[in-house]
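Chains as they are written, first to last, in this note's numbering: chain H, 1 to 374; chain X, 1001 to 1374. Ideal Cβ positions, reconstructed from N, Cα and C, are used throughout, including at glycine.
Okay, here's the thing in structure tokens:
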């Protein structure tokens, strides 16, 4: 504090940390282009993606599969873009054919907004397929992707897929606290920023890139969170990206199988179920608030539904540092509370199903009908 | 992380912490109106002050006494306000007479932008006097004040002085890490937000106020910093606001006296010298970079000048948890490095002057010509 600062965000130590983070994240984005880091929640990152690349009056196509997709489109509209929205039924992914039809019907979109992982519905969009359709049918459109809660947990190939801007947030896959958004832009997106006229100063990504090149940030960064992201990346490197991805896949498989075995209906289309969050329908006859209270008393934090899904679904996050063991613990809590509240469940079935699914995900399925439990 | 979160920003624990912070800060702002908390650097808070209360085309008077004042005016201009700027010589405070003349000459300003503590020059503006001039000569103008690095360290009476918006930052007086900006608005500023048309979503203060009323934030907050601000406020309450203010005053007096005794020319007009940061001129013949390196090796972090003051001044911060003892330590380092670099200084003179000034500031001056050292 004051005279004797522990951390100087204008010093060489910060500069090397920043450089380590920005270059260390590139393989997760799948890009060789520049990344900027801003001190905001993920939503600030989405706003940065819009206001830096677009101008009032630009025609923008928003494809919303949930409340974060709605928010992304709303930002563009607030800043004066002419926004058309394709609304997808919640729980479903965006349909490449519908996207193709809209792009053919109405040429001239300056940008298309896509959500990679829609936290509100636990659906992951097939970004590679969707981007391919845009590249083919609207090659001049910028592809802006909200991957706040996806990137780092699942493979992403920004350069290979032709995506222009990708946004992620420190508190999601990166094992850190909230407070930072990281935004990668393709060369043509960086170029677009030179002429885009939506107003911005705090979120000005060109100013961030210029400052980052000198080892700094243009405004005081959330230093404590920067340290955590640095440590999170170190842990991810130690574990290896492939293992990180496999762990998230195993946790997701375990969560889905466990919830299903406990009699919960999964909310997302199984073909596009998220690998970082799982939503299930609150069963008829179960009071969400008291159910949630009982689960929380056992140390497991569930998220309720948002907006029109309030009280109808619950969500279990499984990203960042989460392990299969933690998922089993969560399943145990859900099982105990379910049984205690009178639901007819055979003890152990949720945990066993989760464990089996995790093992199968890791390629460790046991031979059938063999072993002590068979 | 994930399944078992340590901190749930949608839970009752966070809600009480947020309420404790927002009400605990009110006496420091000197307001009974509502405060909003956003996850950004201080500059994001300044942008929020502008974009929530103003509309493109509004006439705005910016009074700049340094680089942060320039930035405040630049934000208004970027968002389409018609900005007139009064430029004050760096090192000086704003002159109420000049302000009065401009308001009389050119009626109709929708807002006046003031910097309370200008970090780049270590000057504190006389906000009470300036606000009184505005209230009298342009009663309809909103008074927007950047007190990022002042509030909490010195008395402020937003309601009493008729100030409309005040912005502060977590890493300054509040003893916390960077990442949060707190913004108080007067009833008429909150009212202005209902019709102001500059675009905003992430920085939308009405959305923050509404969410805060329910014990939440509209977007994921920098939770770790929220905890720190809560703890900082607790320490400040324990110490007592009057003691906090007196400590900052004593630290500032000690810093100024010590630097002067070491032969450094203070940069700010002494009548308006900041109580949270002190700037001194780099003496002729002293190379700033090697001087700074040597001081840093002794654990003291100085800030250089910004923009046109680069290499010409250095700055020593003394806010947050800083104590007189830390200031004495910093003076010792500056004295040793000064002497080692060949400047003619009698050993002990800087530390002694700082100590005497701190004691005088605390009302503890020793009787003259008495005592062992006399």
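In terms of alpha-carbon separation, which member of H/265, H/266, H/68 and H/214 lies closest to residue 47 of chain H? Selected option, being the one with the closest Cα: H/68.
Mind listing the chain H neighbours of residue 1085 of chain X? Cutoff is C-beta to C-beta under 7 Å, in chain order. Those do not exist, as residue 1085 of chain X stays about 16 Å from chain H at its closest Cβ, beyond 7 Å.
Would you check if the segment 54-72 of chain H and the segment 207-215 of chain H touch, i.e. whether three or more CB-CB distances between them fall below 8 Å? Flag = no, the segment 207-215 of chain H and the segment 54-72 of chain H do not touch.
Could you tell me whether any Cβ in chain X is nearer than 8 Å to the Cβ of residue 355 of chain H? No, its Cβ sits nowhere closer than 8 Å to a Cβ of chain X.
Who are the neighbours of residue 223 of chain H on chain X, taking C-beta pairs under 9 Å? Chain X residues near residue 223 of chain H: 1171, 1177, 1178 and 1179.
Residue 203 of chain H and residue 86 of chain H look like a contact to me (Cβ under 8 Å); what is the Cβ gap, rounded to whole Å? 26 Å between Cβ atoms; not a contact.
N-terminal and C-terminal residue of the alpha helix (DSSP H) that residue 1361 of chain X is part of: Following the DSSP letters along the chain, one finds residue 1361 of chain X inside the alpha helix (DSSP H) bounded by residues 1349-1361.
Is residue 267 of chain H closer than 8 Å to residue 91 of chain H when the C-beta atoms are compared? Yes. Within cutoff.
Answer with buried or exposed for residue 9 of chain H, where buried requires no fewer than 16 other C-beta atoms within 10 angstroms of its C-beta. Flag for residue 9 of chain H reads buried.
Please return the same chain residues whose Cβ sits closer than 6 Å to the Cβ of residue 4 of chain H, not counting the five positions on each side in sequence. Any reading at residue 4 of chain H must be qualified, since the residue scores a pLDDT of 39, below 50, and its modelled position is unreliable; the value itself is stated next. Answer for residue 4 of chain H: no residue qualifies.
Nearest chain X C-beta to residue 74 of chain H closer than 8 Å, yes or no? Answer yes: the Cβ-Cβ gap between residue 74 of chain H and chain X drops below 8 Å somewhere.
Could you tell me which chain X residues have their CB closer than 7 Å to the CB of residue 195 of chain H, listed as they occur along the chain? Going along chain X, no residue has its Cβ under 7 Å from residue 195 of chain H, so there is no contact; the nearest lies around 15 Å.
Opposite residue 964 of chain X in the DSSP bridges: which residues? Shown here, chain X extends from 1001 to 1374; a query on residue 964 of chain X therefore has no answer.
From the beta carbon of residue 1358 of chain X, is the nearest beta carbon of chain H less than 8 Å away? No, residue 1358 of chain X lies away from the interface with chain H (no Cβ there is under 8 Å from its Cβ).
Listing by chain order, which chain C residues have their CB less than 7 Å from the CB of residue 229 of chain H? No chain C is present in this structure, whose protein chains are H and X.
Kindly indicate the opening and closing residues of the beta strand (DSSP E) around residue 281 of chain H. In the DSSP assignment, residue 281 of chain H falls within the unbroken beta strand (DSSP E) covering 277-281.
Tell me the rounded alpha-carbon separation between residue 25 of chain H and residue 169 of chain H. Counting only the Cα atoms, residue 169 of chain H lies some 12 Å from residue 25 of chain H.
So what does DSSP say about residue 194 of chain H, is it helix, strand or coil? In this structure, residue 194 of chain H counts as coil in the three-state DSSP scheme.
List, in order along the chain, the chain X residues whose C-beta lies closer than 9 Å to that of residue 68 of chain H? Here the premise fails: no neighbours, minimum Cβ distance about 11 Å.
If you reduce the DSSP assignment to three classes, tell me which class residue 1336 of chain X lands in. Correct three-state label for residue 1336 of chain X: helix.
Give every residue of the same chain whose Cβ lies closer than 6 Å to the Cβ of residue 356 of chain H, excluding the five residues on either side of it in the sequence, and list them in chain order. Nothing listed; no residue qualifies.
If the cut is a Cβ gap below 8 Å, which residues of chain X does residue 201 of chain H touch? Proximity of chain X to residue 201 of chain H at the Cβ level (cut-off 8 Å) is accounted for by 1043, 1047, 1071, 1074, 1075 and 1078, in chain order.
Here's the rule I'm using: 16 or more other beta-carbon atoms within 10 Å means buried, otherwise exposed. How should residue 1218 of chain X be labelled? Under the 10 Å beta carbon count, residue 1218 of chain X is surrounded by 16 or more other beta carbons and is classified as buried.
Residue-chain proximity (residue 1008 of chain X, chain H), Cβ-Cβ < 8 Å: Contact with chain H is found for residue 1008 of chain X, since one of that chain's Cβ atoms lies less than 8 Å from the residue's Cβ.
So what does DSSP say about residue 211 of chain H, is it helix, strand or coil? Reduced to three states, the DSSP call for residue 211 of chain H is helix.
My understanding is that residue 1088 of chain X touches residue 1065 of chain X, with C-beta atoms under 8 Å, so please give their C-beta distance in whole angstroms. Sure, about 4 Å apart at Cβ, within 8 Å.
Please classify residue 265 of chain H as buried or exposed, where buried requires at least 16 other C-beta atoms within 10 Å of its C-beta. Exposed, because fewer than 16 other Cβ atoms sit within 10 Å of the Cβ of residue 265 of chain H.
Buried versus exposed, by CB contacts within 10 Å (16 or more), residue 1164 of chain X: Counting Cβ neighbours within 10 Å, residue 1164 of chain X comes out buried, since at least 16 surround it.
Between residue 156 of chain H and chain X, is any beta-carbon pair separated by less than 8 Å? Interface criterion not met: the Cβ of residue 156 of chain H is under 8 Å from no Cβ in chain X.
Cross-chain neighbours of residue 39 of chain H in chain X, by beta carbon under 9 Å: Result: 1039, 1040, 1041, 1044, 1178, 1179 and 1222.
Taking 8 Å as the limit between beta carbons, can you name the residues of its chain near residue 1001 of chain X, skipping five residues before and five after? Caution applies to residue 1001 of chain X, whose pLDDT of 33 falls short of 50 and renders its modelled position unreliable; the value that the coordinates give is listed next. Closer than 8 Å at the Cβ level, and outside the excluded window around residue 1001 of chain X, lies no residue.
Within the 8 Å Cβ cut-off, does residue 219 of chain H reach chain X? Yes, its Cβ sits closer than 8 Å to a Cβ of chain X.
Measure from the alpha carbon of residue 1029 of chain X to the alpha carbon of each residue in X/1114, X/1167 and X/1172, then state which is nearest. It is X/1167.
Could you pull out every unbroken alpha helix (DSSP H) segment of at least 4 residues lying fully inside the segment 1107-1185 of chain X, listed in chain order? Complete alpha helix (DSSP H) runs here, min 4: 1127-1137 and 1158-1161.
Cα-Cα separation, residue 1183 of chain X to residue 1063 of chain X: Using only the alpha carbons, I get a separation of about 20 Å.
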